[in-house]
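In this note's numbering, the protein residues as written are 558 to 973.
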């Protein structure tokens with residue numbers, strides 16, 4: 558298992574933003590012999606061929622063409638998402654106040670804001686040159702810091718909890734002097750551009766703590782962005798293990814799940830449908846293929862928390878390293894039905910993996926995934942699954958190291 562965990566740790570370390578996840582995924586696919594297809598070019602594929610395509614810097618699909626046409630055998634699809642909750646710089650972020658250079662942020666998704674304070678933070682994103690060129694950058698130095706108020710200024714914090722207004726009370730600091738141009742120059746340098754040639758840049762705050770295996774037996778995976786970057790890694794490595802499938806095996810990685818998926822690069826966009834129709838060979842063939850297809854939507858699940866156990870359903874207690882969880886919701890927050898859930902249990906049985914089940918408390922609103930969205934758009938039967946984790950949406954999340962290989966084995970059985 559250690560080689561796959563080493564690969565996962567590297568993947569997480571090289572994925573500070575969704576675009577970096579997309580770029581790293583493309584590099585892995587190239588190394589595994591997948592040929593790139595451009596969306597605007599004619600596609601010529603052959604049975605057994607291994608291909609990938611980039612819809613956006615953070616949305617992509619990879620596939621192995623099956624022995625039989627999709628109209629006769631359908632698709633076996635595995636989906637995940639490349640984005641994670643976090644803090645993004647505003648388009649005009651800079652202000653100098655009280656002797657400190659500060660930056661304004663916007664909240665992306667639902668991060669646990671209190672976990673971002675008093676951390677060593679870097680910056681990552683995209684830079685656009687004056688000639689229109691786009692480059693990714695990642696500054697892996699502690700240039701930013703979000704500062705907590707001292708307890709003397711917030712005496713009730715340990716009794717009432719820490720709350721901060723993201724507009725007025727969360728401003729990363731980077732200097733004691735008024736030198737925003739120096740920060741822009743640092744970004745340009747990291748992007749491989751001259752400062753005067755960089756027209757715009759985006760920025761996401763990044764934890765500089767490395768992904769690690771923790772615990773006395775190294776049984777915990779601790780990192781930023783485990784949700785849902787670990788599922789992306791598992792899906793790709795499962796595809797790498799597939800050889801000569803009967804049905805076309807597809808991995809699709811979407812952006813923007815954490816903000817509802819309603820973007821062109823998200824699961825509510827056109828990418829998956831157009832991809833499948835293109836691979837089917839026509840509209841009629843696409844409809845026939847969809848009727849024979851199945852999708853696994855992989856996104857992390859909540860493990861039961863030892864100190865907050867009453868926040869979990871008394872009938873649903875997933876634990877770390879207990880195996881992937883099948884996620885169900887009567888309110889259809891997840892796409893799992895009794896038939897699709899049974900399908901994944903059969904996959905796990907063939908893989909020799911024990912599964913768990915997750916349902917939320919009846920008196921609490923559950924999260925959702927790409928599963929219901931893609932199932933609604935395509936009509937493809939779908940099961941929602943995920944490895945259990947703790948501290949979901951924290952800047953440092955925790956999952957079970959042993960569960961990663963188990964998820965890969967189940968995905969292989971689904972796509973093989």
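Ideal Cβ positions, reconstructed from N, Cα and C, are used throughout, including at glycine.
If you check the CB distance, residue 648 and residue 659 do not come in under 8 Å. DSSP places residue 563 within a helical segment (H, G or I) once states are collapsed to three.
Each of 571, 562, 940 and 957 was checked against the Cα of residue 892, and the nearest Cα belongs to 940. Per DSSP, the beta-bridge partners of residue 702 are 730. Within the region 899-967, the runs of alpha helix (DSSP H) that reach at least 4 residues and sit entirely inside it are, in chain order, 928-935. The three-state reading of DSSP puts residue 768 in coil, since its state is none of H, G, I, E or B. A direct Cα-to-Cα measurement between residue 938 and residue 897 gives close to 7 Å. Here residue 696 is buried: its Cβ has 16 or more other Cβ atoms, across all protein chains shown, within 10 Å. Residue 777 carries a strand assignment under DSSP once its states are collapsed to helix, strand and coil. Bounds of the alpha helix (DSSP H) holding residue 579 are 575-588. Within the same chain, and ignoring the five residues on either side of residue 819 in sequence, the residues whose Cβ sits closer than 7 Å to its Cβ are 825. One alpha carbon belongs to residue 641, the other to residue 753, and they sit about 31 Å apart. When the five nearest sequence neighbours on each side are left out, the beta carbons in the same chain lying within less than 8 Å of the beta carbon of residue 688 are those of 754, in order along the chain. The DSSP assignment places complete beta strand (DSSP E) segments of no fewer than 3 residues inside the region 614-663 at 616-621, 632-638 and 643-654, in order along the chain. Of the residues 699, 741 and 661, the one whose Cα lies closest to the Cα of residue 728 is 661.
A contact is defined here as three or more CB-CB pairs under 8 Å, and the region 623-638 meets this definition with respect to the region 804-816. Taken through DSSP and simplified to helix, strand or coil, residue 670 comes out as helix. Distance check between residue 873 and each of 918, 890 and 654 places 918 closest, using alpha-carbon atoms only. Excluding its 5 nearest sequence neighbours in each direction, residue 637 has C-beta neighbours in its own chain below 6 Å: 785, 788, 789, 792, 810 and 855, listed in chain order. Rounded to the nearest whole angstrom, the CA to CA distance from residue 963 to residue 734 is 51 Å. At least 8 Å separates the beta-carbon of residue 576 from that of residue 604. Across the structure, residue 585 and residue 568 are spaced so that their CA atoms are roughly 10 Å apart. If the five residues before and after residue 723 are omitted, its C-beta is found closer than 6 Å to the C-beta atoms of 664, all from its own chain and listed in chain order.
Closest option to residue 732, judged by alpha-carbon separation, among 900, 656 and 817: 656. Judged by DSSP in its simplified three-state form, residue 761 adopts strand. For residue 680, the enclosing beta strand (DSSP E) covers residues 678-686. Taking a C-beta distance under 8 Å as the contact criterion, residue 883 and residue 968 do not qualify as a contact pair. Using a Cβ distance threshold of 8 Å, residue 610 and residue 593 count as a contacting pair. Under the three-state reduction of DSSP output, residue 884 falls in the strand class. Taking the C-beta atoms as reference points, residue 700 is found no nearer than 8 Å to residue 670. Around the beta carbon of residue 758, 16 or more other beta carbons lie within 10 angstroms, which makes this residue buried. Between residue 676 and residue 764 the beta-carbon gap is near 6 Å, inside 8 Å, which marks them as a contact. Apart from the 5 residues on each side of it in sequence, residue 956 sits with its Cβ closer than 6 Å to the Cβ of 778, 783, 944 and 946 in its chain, given in chain order.
Looking at the DSSP output, residue 858 shares a beta bridge with 945. The Cβ-Cβ distance between residue 932 and residue 612 does not fall below 8 Å. Relative to the Cα of residue 894, the nearest Cα in the group 905, 851, 911 and 559 belongs to 851.
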